[in-house]
Amino acid sequence: MSHRLDVDVVVVGAGMAGLAAADALVCAGIDTMVIEARDRPGGRIRADNGLQVGGEFIGRPHVRSRALVSRLGLSLRPMPRSGPILWRTGGRTRAGRVPPVPMAEIPAAVRALARLRRDAMALDPARPWASPGAEQMDATSTAQHLQRIGGGLQATELLSALIAGFATTGVQDLSALHSTWWIGRAGGLAAALASGTGSQIPAGADALPTRFADAITAPIMYETAVTSVETHGALSRGGGYVRLITTTGSLRTKAAVLALPLPVLRRIPITPSLPGPLTAAMDDLTFGKATKISVLLESDRGCRVRAAVGGSPLGIVWRAGRVLSGITTEPGHEHHRLLDDLLGVFGVSDQAVRAWAVHDWSGDPLSGGSYITFAPGRLTRHGPALRRPHGRLAFAAAERSTWPNSIEGALESGRAAGRHVRDLLLPR
Ligand SMILES: Cc1cc2nc3c(=O)[nH]c(=O)nc-3n(C[C@H](O)[C@H](O)[C@H](O)COP(=O)(O)OP(=O)(O)OC[C@H]3O[C@@H](n4cnc5c(N)ncnc54)[C@H](O)[C@@H]3O)c2cc1C
Numbered sequence: 004m005s006h007r008l009d010v011d012v013v014v015v016g017a018g019m020a021g022l023a024a025a026d027a028l029v030c031a032g033i034d035t036m037v038i039e040a041r042d043r044p045g046g047r048i049r050a051d052n053g054l055q056v057g058g059e060f061i062g063r064p065h066v067r068s069r070a071l072v073s074r075l076g077l078s079l080r081p082m083p084r085s086g087p088i089l090w091r092t093g094g095r096t097r098a099g100r101v102p103p104v105p106m107a108e109i110p111a112a113v114r115a116l117a118r119l120r121r122d123a124m125a126l127d128p129a130r131p132w133a134s135p136g137a138e139q140m141d142a143t144s145t146a147q148h149l150q151r152i153g154g155g156l157q158a159t160e161l162l163s164a165l166i167a168g169f170a171t172t173g174v175q176d177l178s179a180l181h182s183t184w185w186i187g188r189a190g191g192l193a194a195a196l197a198s199g200t201g202s203q204i205p206a207g208a209d210a211l212p213t214r215f216a217d218a219i220t221a222p223i224m225y226e227t228a229v230t231s232v233e234t235h236g237a238l239s240r241g242g243g244y245v246r247l248i249t250t251t252g253s254l255r256t257k258a259a260v261l262a263l264p265l266p267v268l269r270r271i272p273i274t275p276s277l278p279g280p281l282t283a284a285m286d287d288l289t290f291g292k293a294t295k296i297s298v299l300l301e302s303d304r305g306c307r308v309r310a311a312v313g314g315s316p317l318g319i320v321w322r323a324g325r326v327l328s329g330i331t332t333e334p335g336h337e338h339h340r341l342l343d344d345l346l347g348v349f350g351v352s353d354q355a356v357r358a359w360a361v362h363d364w365s366g367d368p369l370s371g372g373s374y375i376t377f378a379p380g381r382l383t384r385h386g387p388a389l390r391r392p393h394g395r396l397a398f399a400a401a402e403r404s405t406w407p408n409s410i411e412g413a414l415e416s417g418r419a420a421g422r423h424v425r426d427l428l429l430p431r
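Each residue of the sequence shown is one higher than the last, beginning at 4 in our numbering.
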């Protein structure tokens, strides 16, 4: 790489956010290059051994993801909803189609669910921090909030297990505003759960970034990590540039999109330093912990249930035909213990296993965790700054969007960053 200004924009990171930004820039006729540390696109969408160990479900409200699936010639297959669920809460294990809430607790559970829905639907889905009562709700943990709305012991435990499973963090560490936003953004609790387990891409979720990367005409430089970023001069004065130092050389460009997860971005020196609120958001926000296991069986004969909620080490488990998957948020598990738990849920022996794969996202230095989990107080404090660009630097990643835990959010934020840079370089 030379030190001349030889490309207008560099997008750092070829996850869905980076690819969406590059796509928007290329469509605007801007000379763009993508730099990616891994040897493949997709970041937190990942297949090992042909099994999906990262993001894979696309929900009904995920309109950008659905449109991209069809643009790339892929298809979606809804997850089957029939069959019982194994409820592993309250120190007991029961299989059933409906949550095991005792009759006496049902009125309180119904009232609590109605309250949860009312609170969720009252939030501004784009800017939850600007909603009335947001500060107070944000100051409360999801665990405290669930206690307060009083759904009864069993329902509270079930809701806690469900929310913790999807959020990949304990409900005591999750702001009530974040969990309520997640519910409201999808249009209710059932819709949020359904989007998180909506449809799969039969060709494999990893086909989405692979085909997207092929469809974008911008060159992608793999196995090249950006190690520091410098901005020089003001864009308004014509000159000036961004200098990106990478593991294979340095590069000058007019503007850059940093499409990197927060835990990764915070380790990359940026000079001059970013304004206080942007740095504070980077330093203060955390990602959930998730290790995902996926198993391909010879046959799904004998699998008694379709999913499990609660339990340990896997807090959430599901089956799509012959593929069993589960996520643990507990650190440091032997992979064989995860496999035993997964097979135990479905009542199959290890003789039935054809292939399996595990990925620990918290131990992955290029991700730093699963996805954002706003701890109490953090969403109102840092939410607005996350969406803000800074001069010739734009930022993209799922956590900077209105779908902060989804592929949909990565696409939304990537496009917004692409538009920002386009407007900088091609003022109307
Ligand atoms: C276990 C798990 C399950 C999930 N399930 C779902 C699901 O079912 N449905 C759903 O919608 N979402 C799901 N998600 C979330 C979804 O995968 C993410 O929100 C989305 O993929 C994030 O995309 P991104 O582009 O923001 O970030 P990333 O995908 O993390 O992309 C960032 C890219 O930057 C690269 N990079 C990092 N450092 C550097 C550097 N220094 N220089 C250059 N490149 C660098 C990385 O290698 C990566 O490719 C799941 C996530 C996990 C972890």
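Even glycine gets a Cβ: it sits at the ideal position worked out from N, Cα and C.
Remember, predicted model here, so these are calculated numbers, not experimental data.
For residue i and residue j, I'd like the C-alpha separation in whole angstroms.
| i | j | result |
| --- | --- | --- |
| His6 | Lys257 | Residue confidence is low: His6 scores 42 on pLDDT, short of 50, so the model does not pin down where it sits. No coordinate-derived value is stated. |
| Arg130 | Ala137 | 10 Å |
| Cys306 | Gly86 | 10 Å |
| Gly324 | Val308 | 11 Å |
| Val113 | Arg270 | 46 Å |
| Asp176 | Gly191 | 22 Å |
| Ser182 | Ser163 | 10 Å |
| Asp303 | Phe349 | 9 Å |
| Met4 | His338 | In this prediction, Met4 has a pLDDT of 41, which is less than 50 and means its spatial position is unreliable; what the coordinates show is noted afterwards. Between Met4 and His338, the C-alpha separation is close to 41 Å. |
| Asp287 | Asp51 | 32 Å |
| Arg95 | Pro103 | 10 Å |
| Val37 | Ala311 | 40 Å |
| Phe60 | Arg151 | 32 Å |
| Asp26 | His235 | 26 Å |
| Pro105 | Trp185 | 27 Å |
| Leu89 | Gly313 | 9 Å |
| Pro430 | Asp122 | 41 Å |
| Ser315 | Gln55 | 21 Å |
| Phe169 | Gly252 | 40 Å |
| Arg43 | Thr200 | 25 Å |
| Ala98 | Gly154 | 21 Å |
Give the C-beta separation of residue i and residue j to the nearest angstrom, bearing in mind that I take them to be a contact with Cβ-Cβ under 8 Å.
| i | j | result |
| --- | --- | --- |
| Thr282 | Ala167 | So it is not a contact: roughly 30 Å between Cβ atoms. |
| Leu156 | Val174 | Actually they are not in contact, since the Cβ atoms of Leu156 and Val174 sit about 15 Å apart, beyond 8 Å. |
| Leu299 | Val326 | 6 Å |
| Ala413 | Ala397 | About 14 Å separates the two Cβ atoms, so there is no contact after all. |
| Phe377 | Ser144 | Their Cβ separation, rounded to whole angstroms, is 11 Å, which puts Phe377 and Ser144 out of contact at 8 Å. |
| Ser198 | Gly62 | 3 Å |
| Ala189 | Leu77 | Wrong, their Cβ atoms sit about 22 Å apart, outside the cutoff. |
| Ala40 | Leu369 | 5 Å |
Starting from residue i, follow the alpha helix (DSSP H) in both directions and report where the run begins and ends.
| i | result |
| --- | --- |
| Thr213 | Ala210 to Ala218 |
| Thr383 | Arg381 to Leu389 |
| Ile186 | Ala179 to Ala189 |
| Leu247 | That residue, Leu247, is in no alpha helix (DSSP H); its beta strand (DSSP E) goes Tyr244 to Thr249. |
| Ile152 | Thr145 to Ile152 |
Ends of the beta strand (DSSP E) at residue i?
| i | result |
| --- | --- |
| His362 | Val356 to Asp363 |
| Phe398 | Leu396 to Phe398 |
| Thr256 | Gly252 to Leu261 |
| Glu233 | Val229 to His235 |
| Leu22 | Leu22 -> not in any beta strand (DSSP E); alpha helix (DSSP H) instead, spanning Met19 to Cys30. |
| Ala323 | Ile319 to Ala323 |
| Leu126 | Counting along the chain, Leu126 falls outside any beta strand (DSSP E), and DSSP gives it neither H nor E. |
| Leu89 | Ile88 to Arg91 |
| Gly313 | Ala310 to Gly313 |
| Gly329 | Val326 to Thr331 |
From the options, pick the residue whose C-alpha is nearest to that of residue i; which is it?
| i | options | result |
| --- | --- | --- |
| Val29 | Pro430, Arg431 and Val424 | Val424 |
| Pro358 | Val15, Val14, Ala111 and Gly53 | For the sequence presented, residue 358 should be read as Ala rather than Pro. The shortest Cα separation from Ala358 among Val15, Val14, Ala111 and Gly53 belongs to Gly53. |
| Thr227 | Thr220, Gly94 and Ile248 | Ile248 |
| Leu277 | Ala25, Leu389, Arg97 and Glu411 | Leu389 |
| Arg49 | His393, Ala401, Ser297 and Ser144 | Ser297 |
| Ile441 | Val361, Gly242 and Ser73 | Absent from the model: residue 441. The displayed extent of the chain is 4 to 431, so no value can be given. |
| Ala133 | Asp426, Trp406, Ser416 and His385 | His385 |
| Val267 | Thr230, Leu71, Pro280 and Pro275 | Thr230 |
| Leu211 | Gly46, Arg91 and Leu382 | Gly46 |
| Met124 | Gly99, Ala194 and Pro44 | Ala194 |
| Gly32 | Thr220, Ser78, Arg69 and Ala146 | Thr220 |
| Glu411 | Ser328, Arg100, Gly154 and Leu71 | Leu71 |
| Leu265 | Ile273, Met285, Ser253 and Asp42 | Met285 |
| Gly347 | Trp406, Gly153 and Ser328 | Ser328 |
| Leu382 | Ala208, Pro280 and Pro64 | Pro280 |
| Tyr244 | Pro407, Thr250, Gln139 and Thr274 | Thr274 |
| Thr171 | Pro334, Gln147 and Met82 | Pro334 |
| Gly380 | Arg91, Asp141, Pro135 and Met82 | Asp141 |
Should residue i be listed as close to ligand 2, given that the test is whether its C-beta is under 7 Å from any heavy atom?
| i | result |
| --- | --- |
| Ala284 | This structure lacks ligand 2; its bound ligands are ligand 1. |
Check your understanding: So does the region 8 to 26 actually touch the region 373 to 385, counting three or more Cβ pairs closer than 8 Å?
Key -> The region 8 to 26 is not in contact with the region 373 to 385.
Review point. Within the chosen definition, does the region 276 to 296 reach the region 352 to 365 through at least 3 CB pairs nearer than 8 Å?
Key: Contact between the region 276 to 296 and the region 352 to 365 is present: three or more C-beta pairs spanning the two stretches fall below 8 Å.
Review point. Is it true that the region 105 to 121 meets the region 346 to 354, where meeting means three or more beta-carbon pairs spaced less than 8 Å apart?
Key: Cβ pair count under 8 Å is below three, so no.
Exercise for review: Could you tell me whether the region 9 to 16 touches the region 258 to 266, where touching means 3 or more Cβ pairs closer than 8 Å?
Suggested key: Put simply, the region 9 to 16 touches the region 258 to 266. At least three CB pairs are less than 8 Å apart.
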